[in-house]
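Below is one structure; the comments refer to it alone.
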Amino acid sequence: MSILRGFLWLLGFLLLGDILVTLLHLPISHGVAGMLLITAWLMGRGRLNNDIAIASQALIRLLAMLIMPGVVGIFFIADEFAGHWLAVAVALVVGTLLSVLTTLWLMRRFMPGVEATSEAAPNE
Numbered sequence: 000m001s002i003l004r005g006f007l008w009l010l011g012f013l014l015l016g017d018i019l020v021t022l023l024h025l026p027i028s029h030g031v032a033g034m035l036l037i038t039a040w041l042m043g044r045g046r047l048n049n050d051i052a053i054a055s056q057a058l059i060r061l062l063a064m065l066i067m068p069g070v071v072g073i074f075f076i077a078d079e080f081a082g083h084w085l086a087v088a089v090a091l092v093v094g095t096l097l098s099v100l101t102t103l104w105l106m107r108r109f110m111p112g113v114e115a116t117s118e119a120a121p122n123e
């Protein structure tokens, strides 16, 4: 039952993001707006909702499948990128590097045991 409550929380914030973007005519994705709302809510609470954590873990295992439709969709609009491949390639490389660096920074910040474990190993 906990996973269902978690999915309902996630769906609720997705719908709130959809409403916010539609009403305010914001130039961002509905999903991104929902993620920003849930992030602000969780930061305001100061702790993680256990139901959301359980539902999120189930979604993380399916992440590649959730991303795939967007990646496949690029093939249908590839002709619109004609003459802009350098900009697209630079954006992909820079975006990937920033994503990896951000993930590394967050992991080191919120998982202090990872850094301590590597430093605690003796160099013999």
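Counting in numbering that gives the first Met the number 0, the sequence shown runs from 0 upward without gaps.
Built from N, CA and C at the ideal position, the CB exists for glycine as well.
Since the model is a prediction, treat every value here as computed from it, not as a measurement.
query                                                                                     : result
Pair within 9 Å by beta-carbon distance, residue 63 and residue 2                         : no
Contact test: residue 18 Cβ vs the ligand FAD heavy atom, cutoff 8 Å                      : Ligands displayed in this structure: none; no statement on the ligand FAD is therefore possible.
N-terminal and C-terminal residue of the alpha helix (DSSP H) that residue 109 is part of : 84-109
Cα-Cα separation between residue 51 and residue 81, rounded to whole angstroms            : 42 Å
9 Å Cβ cutoff met for residue 37 and residue 61                                           : no
Span separating the alpha-carbon of residue 17 from that of residue 93                    : 28 Å
Simplified DSSP assignment, three categories, for residue 28                              : coil
Short Cβ contact (9 Å threshold) for residue 20 with residue 39                           : no
Cβ-based burial, residue 88 [other Cβ within 10 Å; buried from 16]                        : exposed
Endpoints, the alpha helix (DSSP H) within which residue 4 is located                     : 1-23
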